[in-house]
Structures are given as structure tokens and as C-alpha cells.
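K.L.:
Take the position in the sequence shown, starting the count at 1, then add 519; the result is the number in my numbering. Yeah, the Cβ is synthetic: ideal placement off N, Cα and C, and Gly gets one too. Below: one structure in C-alpha cells.
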Amino acid sequence: MRRSREQDSLVVIGGGISGLSSAFYLLAQAQARGRQAHVTIVDPAPRLGGKINTLKRDGFVIERGPDSFLARKQPMIDLARELGIEYELTGTNPEAKKTYILHRGKLHPMPPGLVLGIPTEIAPFAKTSLLTWGGKLRALMDFVLPARKETGDESLGGFLERRLGTEVMERIAEPLLAGIYAGDLRRLSLQATFPQFGEAERKRGSLIRGMRASRRAGANTAAAPSSLPGAAGKSVFLTFKGGLSTIVAALDEALSGAERKLGVKAVEIVDRAQRQSQEAGALPSGYAKPVGEEAAGDAYVAGAGPRYEVVLSNGETLEADGIVVTTPAYDAAELLGSHVNTEALEAVRYVSVANVVMAFDKAALGRQFDGSGFVVPRSEGTTITACTWTSAKWLHTSPGDKVLLRCYVGRSGDEEIVDLPDDQLAEAVRHDMREIMGITAVPLFTEITRLHRSMPQYPVGHLQHTAAMRKELESVLPGVWVTGAAFDGVGLPDCIRQGKEAAIRVYEKL
């Protein structure tokens, strides 16, 4: 064990929200344990923040990546408090509660009582024009269908079809849920995306009954803590008044003592113990032979120096006692493939998406927005997959006499559209806006952001496979942890939670 008076050399690979959170909590762990730590953050991008990217233009606050997070997920709020920026949090416009679904070219309001696309109020569900009577009756069979006996994973789409039928899955659940992952529900893991659905079936014998009970039990916990200021304490979704880059800037400041290696990529992790052992043909000095299940690396003792080296694309080498890898799964597989079986990482596909933001003069539009936006099922055949009426949903994002709209493009099986030239992509989006919303006005400006290979797709069995890989990694490379959106949730609070967990796991091995 390294002596507490020595400085721990820690490397975080990836400068997105997972990496920044890992770095922040590594320093917090060091302080709590009475240790000194030097943290280096490595990222091939020229700036920190990953997909979080707020643009301020002409009085507008424009998100080029994610635009908000679920208020009930505490890690983001906890981190905001630790950074002293909780008073910058803001909620959605309480007057813009409606959400629509496009069906046969027209916008239909989602029936009240839907929870993640699952009906919990029967009367409004029975009245919706989104489904045929046959589709509605098939969904209500959920009350009498037996629960699945097997406890293993299955696809999210397969589960929803089994419980509620194809119509509900394709016309309501798919556009709502797939929007989070830009994925194909029939290929996404149930346990890795919405495990509460499976739990509802097991506990109540019915998905609808289970989600209804969950809704009643969580009626007071869906929104943000009431201790937050103003409307933020009553909102289901939150962001920051100055955009999500607020938290990146705060983390950047809090990590002022950390070293940054930006514009350069980590290309290899070298285990000095393994290298010396291979060169000498025996265990190196400073190591004890494994006892029982103990790996040689767990017997590493003081005096041998940092165990690891991180080789960068510019030829530089960083020494490290502990490493947190927060890159996309495909990059993590390259870094770890010579040490452990990375099939679980290689199985995570990524989908490319884009968002097209347009600003308008309110007077030129000739219409009002009474909700937060709409989602689009695959069957509609449009270019856009969803549209947020941003200035109606988030009042801080636009001057009062202007309108800001954000349209989403690209999903699993339909990614080529993302790489259309700017003028063609903008025109395809404007065509959909004319057809769906009757908007013919010329935008004041258009901002297009392409996010290539940005949306991880969790395959069936994902949690079990990644857990096995992590267990092997912990044995072979103690003090090296891999985490981030590719593992246990793509939402910002999920990434922050995983960053904190990574810091604890690394320090448990130092």
C-alpha cells in the first residue's frame, strides 16, 4: 500500500461530464482520506465538456448537445450544490405541459396519465385517436396476461409488445423512449434502459398496474427538491439559466489544480508489473505471488513507483497509480483490449444524430405554441424525429419577441441524413416544419450540430456482460476503472453518479 504522505498520480481519460465528475470526486476522495493527489485529464477534443455545448447568440441560449436532465435524479443537483451553482438551476415553463405525437401527418396530444409511454389512466387512453380500438383492447390485455417467469434480460421492444401490443409500442412508446437513445427498441436491453418496467410486471403481474402504483408512490418525488429556488423546485426537468455549460465551467474552475492534456488522445495503458514480469520471466521485485484468488497486482507495494503508464498520441507518457477511462465504448475497447476481454464494449453500437436549431421572429410565425414539442414515430417517414418548442418550454432561452425551435435528426437505421450538406439538411427540416406546423417563415438563423457516434445502444444482456468485464479488469488492473454513458445510463445525472462511483472504486484499490 502506498504511504499516505505520497502524492497519488491519477489519470482521467475523457473530458466529458463523466470524466470531469470522476476527476472532481477523485480529489474529494483524496481529501477525505487525508491524501494528496495530482489529477490529469486527457481528451482529444480541444475543450472540456464532451457533448455539453451551450451557444449564446443574439440573446438566445442554444444547446448543441443535451438540453436538460431529470430533476428526480439527485446526482446532478448534489454536484450543483457542491459547486455552489444550485441557484442557477431553472425549470420548464409550467404553461407548456402538453406534448404531442405526430400521427398520419397531424399532431395529437398525448393522453393524460402516460408514464414513459405506459397508460396509467384508462379513460383518457380509451379516447385517444393515436390507436385503433383493436390496439387499445390489446393494450388492456396487460391486466390479464400472465407475467413472464424468466428473470433474464430481454429487448425493450419485445417486452412492450408482449405486454401492450405492437400499436402502443410503435405509435406511443417507441417515439417517446427511443428518443432518449435514438435507438431501435427491439434491440435495446430492457434491464439497461427501463428496468422499472420489468419490476412492475414482476411485482404487480401487470405493467399498467405496476406503473400506476409507481406513479402514485412517486407523485411527490418526480419533480425537483422543493428546496431549490422558484419554479425549479416544481419542475420535472431542469437545466441552468445560462445553459448546461454552466456546470462544465464550474467543474473546470473547481479542477483548476488538475492538469489538462487536450487535443491529444490516450492510445495505450501500460501495466509496468506485467511488462517487468514478461521481461524478467518472473514476478518483479515489490510483488508477492498470488495467494488464493489474489492477483499479482493486488500485492503491489510501496517503492516501485506508479504501476501504470498512459501513452498519448503525441508520444508523451503519463505515470498513474489509478486510471478512470470514460471514453466511448469503442475507444475504451482499444485501450483495454490487450488486458481484458472487451467483447462487452465492442457489442455497444453507437448511433449518429444531429440537431437543427432555428430562430424566428415571433410575429412572422403566425402561431402560438401551447406545449413543449412533439415526437415522431418511425412510420411517419419524416426527416425529423422530434421537435422541441424550446422558447416555449424554457423561457430563458429566447428574447420575448423571438421563437427558438430545435429539431432532431437521425436514429438507428436512419443515420445517413445526418451527413447531408448544411443547406440540404436545413431544407429537409424546414419541409417537415411546413408540413407539420405550417411554418413558412424564413429563420433568422440556423445552427446545425452533428454528433457522430454519440448515442450508445445497450444490447440485451448489457449489464451482465459489462459487470463481468469490470470484474476481470479489477482483478487484472487494480486501480483502473472504466465508466461513462456506455455502461449504466446516458443521462447527465447517470454519468455524474458513475463518475463518483469510479472515484470510490479507484481509491479502494490505492
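So, using beta-carbon positions, are V561 and L529 closer together than 8 Å?
P.N.:
no
K.L.:
According to DSSP, which residues form a beta bridge with S708?
P.N.:
S674, per the DSSP bridge assignment.
K.L.:
May I ask which residues mark the beginning and end of the beta strand (DSSP E) holding P975?
P.N.:
Run containing P975: 964-976, per the beta strand (DSSP E) assignment.
K.L.:
When DSSP labels each residue in this structure, what does G729 get in the three-state scheme?
P.N.:
helix
K.L.:
Identify, in the order they occur along the chain, each residue of the same chain with its Cβ nearer than 7 Å to the Cβ of V783, setting aside the five sequence neighbours on each side.
P.N.:
V561, P563, L831, S832, N833
K.L.:
Indicate whether R969 and A873 have their beta-carbon atoms separated by less than 8 Å.
P.N.:
yes
K.L.:
With H, G and I counted as helix, E and B as strand and the rest as coil, what does DSSP make of G533?
P.N.:
coil
K.L.:
Go to W1000, then tell me how far its beta strand (DSSP E) extends in each direction, as first and last residue.
P.N.:
999-1001
K.L.:
Taking buried to mean at least 16 other C-beta atoms within 10 Å of its own C-beta, is G776 buried or exposed?
P.N.:
G776 sits exposed, since fewer than 16 C-beta atoms from the chains shown fall within 10 Å of its C-beta.
K.L.:
Short of 7 Å in beta carbon distance, which residues of its chain neighbour P477, apart from the five on each side in sequence? Order them along the chain.
P.N.:
Because the chain spans 520 through 1029 in this model, residue 477 falls outside it and cannot be assessed.
K.L.:
Give me the DSSP bridge partner(s) of I788.
P.N.:
DSSP links I788 through a beta bridge to V829.
K.L.:
Out of D577, M952, L683, point me to the one whose CA is closest to L884's CA.
P.N.:
M952
K.L.:
In chain order, what residues of the same chain lie with their CB nearer than 7 Å to the CB of L1029, ignoring the 5 residues before and after it?
P.N.:
Excluding positions up to five away in sequence, the list reads R521, D527, D840, G841, G998.
K.L.:
Does K668 come out as helix, strand or coil in the three-state DSSP assignment?
P.N.:
coil
K.L.:
Have a look at E640, W913, L664 and flag the residue whose alpha-carbon is nearest the alpha-carbon of E720.
P.N.:
L664
K.L.:
Here's a check: name, in chain order, each residue in its chain whose Cβ is nearer than 6 Å to the Cβ of A814, leaving out the five neighbours to either side.
P.N.:
For A814, the pLDDT reaches just 45, beneath the cut-off of 50, and the residue's location in the model is therefore unreliable, although a value from the coordinates is still provided. Same-chain partners within the cutoff: S994.
K.L.:
If you measure between the beta carbons of F644 and F678, is that distance less than 8 Å?
P.N.:
no
K.L.:
Sorted by chain position, which residues of the same chain lie with C-beta nearer than 7 Å to G654's C-beta, five sequence neighbours on each side aside?
P.N.:
Residues of the same chain with a CB within less than 7 Å of the CB of G654, apart from the 5 flanking positions on each side, are G684, E686, V687 in chain order.
K.L.:
At which residues does the beta strand (DSSP E) containing P628 begin and terminate?
P.N.:
For P628, the enclosing beta strand (DSSP E) covers residues 625-628.
K.L.:
Find the nearest neighbour of G676 within the set E669, T670, R690, judged by alpha-carbon distance.
P.N.:
Considering only alpha carbons, the answer is R690.
K.L.:
Apart from the five residues on each side of it in sequence, which residues of its chain come closer than 8 Å, Cβ to Cβ, to Y869?
P.N.:
P847, A848, Y849, R972, S973, M974, P975, Q976
K.L.:
Could you spell out where the beta strand (DSSP E) holding L781 opens and where it closes?
P.N.:
778-781
K.L.:
Let's see if you can read the secondary structure: which residues bound the beta strand (DSSP E) around F1006?
P.N.:
F1006 -> no beta strand (DSSP E), and no H or E assigned at all.
K.L.:
Taking only three categories from DSSP, how would you classify V525?
P.N.:
Looking at the sequence provided, one finds Glu at residue 525 rather than Val. Coil at E525, not helix or strand.
K.L.:
Looking at the structure shown, is K1019 part of a helix, part of a strand, or coil, going by DSSP?
P.N.:
It is helical.
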